[in-house]
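Working notes for the structure below.
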């Protein structure tokens, strides 16, 4: 920086204010020369702002992580949200974009170590939240002409924007689905999965205005993982067939997958691996 350049006092004032909000040592006193009023007024104002900001952070996280909010309960989730706000404050004005680091924050918290499924449940919540904010899928269904005249090894299947796959050692799809219901037996599948130590692969996809979560078997998960990695359709089919051969769920049926993917708008395009010249 040029030593003779004028100091941008407004930028400096804003930096000091942010430091004060995040409770860095000495920041409130350092702000005293930049704001009007007494130090007591400043501290009271900062206290009120922090309280409001903490409440806003809690509401934003509850919107993005409803399953975690339900699992922890209101009081514990509020404490988690405020702790996260202090250690991982937002860097953008849109709080809807804040929270991606919460799953790893949960995984690192010793106080939550007895509930090891929480971190992956938070990852699923965030994938759903991200999908809800993703771009719309094209209105027109995917054209399938290339399937008839192209080698699958030369094609790539493009899934709807925001699609994601979470493979977990915990029954995260069943946990999420149970929280979408209100019947008395809604947690039966979750209890069974825990008793059998069964993990789940959850496929997240936006369908119109709604985000859906589908539990996949091992072969389906391998296929979706390959598609999301933008490998060739041929390689994805080979991988799914290989996994299915060693599983008890039966062969992977591409025709059934394709019918469902078109019906539920998972598949938005089939494109060549290399641009056509």
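In my numbering, the protein residues as written are 5 to 281. By construction, the Cβ of each residue, glycine as well, lies at the ideal position given by its N, Cα and C atoms.
For residue j and residue i, believed in contact at Cβ under 8 Å, the rounded distance
i	j	result
residue 248	residue 239	Actually they do not touch by this definition, with Cβ atoms about 15 Å apart.
residue 85	residue 61	6 Å
residue 75	residue 125	7 Å
residue 205	residue 253	At roughly 12 Å, the Cβ-Cβ gap does not stay under 8 Å, so residue 205 and residue 253 are not in contact.
residue 81	residue 66	7 Å
residue 154	residue 209	Going by Cβ atoms, the distance from residue 154 to residue 209 rounds to 24 Å, so no, they are not a contact pair.
residue 193	residue 172	With a Cβ gap of about 15 Å, residue 193 and residue 172 do not count as contacting.
residue 203	residue 174	6 Å
Residues bridged to residue i (per DSSP)
i	result
residue 218	207
residue 273	162
Identity of the residue in the options nearest residue i by Cα
i	options	result
residue 196	176, 99, 100	176
residue 264	222, 156, 145	145
residue 108	129, 95, 257, 208	129
residue 207	232, 104, 262	232
residue 236	217, 275, 204, 258	275
residue 70	267, 271, 181, 193	181
residue 136	215, 143, 200	215
residue 138	110, 101, 111	101
residue 104	113, 112, 94	94
residue 127	217, 148, 251	217
residue 261	277, 220, 250	220
Pair within 9 Å by beta-carbon distance, residue i and residue j
i	j	result
residue 106	residue 131	no
residue 255	residue 226	no
residue 161	residue 273	yes
residue 141	residue 234	no
residue 133	residue 199	no
Ranges of the alpha helix (DSSP H) found wholly within the stretch 111 to 197, counting only runs of at least 4: 122 to 136, 149 to 153, 176 to 182
What are the complete alpha helix (DSSP H) segments, minimum 4 residues, inside the stretch 78 to 110? 78 to 91
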